[in-house]
Amino acid sequence: MGGFTYIMTNKPFGILYIGVTSDIARIQAHREKRGSAFAAKWDCTRLVLIEHHDRIEDAILREKRLKDWNRLWKCRLIAEANPNWDDLWETINA
0 MGGFTYIMTN KPFGILYIGV TSDIARIQAH REKRGSAFAA KWDCTRLVLI
50 EHHDRIEDAI LREKRLKDWN RLWKCRLIAE ANPNWDDLWE TINA
(Lines of atoms letter the chains of each structure in order from A and count residues from 1; the text may use other names and numbers.)
(Lines give C-alpha, C1' and ligand atoms only; values in the text may rest on other atoms or scores of the structure.)
Protein backbone atom coordinates (compact mmCIF):
# COMPACT_ATOMS: atom_id res chain seq x y z
CA MET A 1 0.00 0.00 0.00
CA GLY A 2 1.40 3.39 -1.00
CA GLY A 3 1.39 6.68 0.80
CA PHE A 4 2.06 10.38 0.61
CA THR A 5 4.09 12.91 2.54
CA TYR A 6 2.85 16.46 2.32
CA ILE A 7 3.44 19.95 3.61
CA MET A 8 0.63 22.37 4.38
CA THR A 9 1.02 26.06 5.21
CA ASN A 10 -1.08 29.11 6.00
CA LYS A 11 0.75 31.39 3.53
CA PRO A 12 3.98 31.45 1.51
CA PHE A 13 6.92 31.02 3.92
CA GLY A 14 4.43 30.77 6.79
CA ILE A 15 3.79 28.07 9.39
CA LEU A 16 4.61 24.59 8.08
CA TYR A 17 2.75 21.38 8.87
CA ILE A 18 4.26 18.09 7.68
CA GLY A 19 2.06 15.03 7.42
CA VAL A 20 1.83 11.50 6.06
CA THR A 21 -1.20 9.59 4.83
CA SER A 22 -2.27 6.60 2.80
CA ASP A 23 -5.55 8.38 1.96
CA ILE A 24 -5.23 11.65 0.06
CA ALA A 25 -8.66 12.69 1.35
CA ARG A 26 -6.87 13.42 4.65
CA ILE A 27 -5.60 16.61 3.04
CA GLN A 28 -9.18 17.75 2.50
CA ALA A 29 -9.75 17.29 6.24
CA HIS A 30 -6.87 19.73 6.91
CA ARG A 31 -8.40 22.18 4.48
CA GLU A 32 -11.63 21.99 6.48
CA LYS A 33 -9.67 22.39 9.75
CA ARG A 34 -10.49 18.85 10.86
CA GLY A 35 -7.10 17.25 10.11
CA SER A 36 -5.07 18.16 13.18
CA ALA A 37 -5.31 20.62 16.04
CA PHE A 38 -1.97 22.22 15.07
CA ALA A 39 -2.94 22.70 11.42
CA ALA A 40 -6.34 24.09 12.41
CA LYS A 41 -4.88 26.47 15.02
CA TRP A 42 -2.40 27.94 12.54
CA ASP A 43 -4.77 27.85 9.52
CA CYS A 44 -2.54 25.46 7.54
CA THR A 45 -4.97 24.83 4.70
CA ARG A 46 -2.71 25.38 1.68
CA LEU A 47 -1.07 22.26 0.22
CA VAL A 48 2.36 23.33 -1.05
CA LEU A 49 4.19 20.00 -1.41
CA ILE A 50 3.12 16.41 -1.92
CA GLU A 51 5.29 13.37 -2.55
CA HIS A 52 4.04 9.91 -3.50
CA HIS A 53 5.72 6.78 -2.12
CA ASP A 54 5.12 3.21 -3.26
CA ARG A 55 5.12 1.95 0.32
CA ILE A 56 3.51 3.61 3.34
CA GLU A 57 6.61 2.72 5.35
CA ASP A 58 8.70 4.86 3.00
CA ALA A 59 6.26 7.75 3.40
CA ILE A 60 6.45 7.49 7.19
CA LEU A 61 10.25 7.48 7.08
CA ARG A 62 10.27 10.52 4.78
CA GLU A 63 7.89 12.38 7.11
CA LYS A 64 10.17 11.72 10.08
CA ARG A 65 13.21 12.89 8.15
CA LEU A 66 11.47 16.06 6.92
CA LYS A 67 10.43 16.90 10.47
CA ASP A 68 14.10 16.72 11.48
CA TRP A 69 15.13 19.19 8.77
CA ASN A 70 15.71 22.83 9.65
CA ARG A 71 13.22 25.39 8.38
CA LEU A 72 15.50 26.72 5.63
CA TRP A 73 15.84 23.27 4.07
CA LYS A 74 12.06 22.75 4.16
CA CYS A 75 11.38 26.13 2.55
CA ARG A 76 14.03 25.44 -0.11
CA LEU A 77 12.44 22.05 -0.89
CA ILE A 78 9.03 23.68 -1.34
CA ALA A 79 10.42 26.57 -3.41
CA GLU A 80 12.24 24.17 -5.75
CA ALA A 81 9.13 22.09 -6.38
CA ASN A 82 6.56 24.89 -6.16
CA PRO A 83 8.28 28.30 -6.63
CA ASN A 84 5.10 30.35 -6.11
CA TRP A 85 3.94 28.29 -3.13
CA ASP A 86 0.69 27.68 -5.01
CA ASP A 87 -2.05 25.63 -3.39
CA LEU A 88 -1.67 22.26 -5.13
CA TRP A 89 -4.95 20.79 -3.91
CA GLU A 90 -6.92 21.81 -6.99
CA THR A 91 -4.17 20.39 -9.22
CA ILE A 92 -4.20 16.95 -7.63
CA ASN A 93 -7.93 16.87 -6.91
CA ALA A 94 -9.02 17.74 -10.46
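Heads up: the sequence shown is residues 0 to 93, going by numbering that gives the first Met the number 0. Don't be surprised by glycine CBs; every beta carbon is placed ideally from N, CA and C. Keep in mind that this is a model prediction, so the values were computed, not measured.
When the five nearest sequence neighbours on each side are left out, the beta carbons in the same chain lying within less than 7 Å of the beta carbon of residue 14 are those of 8, 41 and 43, in order along the chain.
Of the other Cβ atoms in all chains shown, fewer than 16 fall within 10 Å of the Cβ of residue 72; this residue is therefore exposed. In this model, residue 83 and residue 6 are separated by some 14 Å (Cα to Cα).
Setting aside the 5 residues that flank it on each side, residue 55 is surrounded in the same chain by 0, 2 and 21, each with a C-beta closer than 6 Å to its C-beta; the list follows chain order. Ranked by Cα distance from residue 59, the options 11, 90, 19 and 48 are led by 19. CA-to-CA, the gap between residue 25 and residue 31 works out to about 10 Å. Annotated as proximal: residue 17 and residue 65, with beta-carbon spacing under 7 Å. DSSP places residue 31 outside both helix and strand once states are collapsed to three, so it counts as coil. For residue 91, the three-state secondary structure derived from DSSP is helix.
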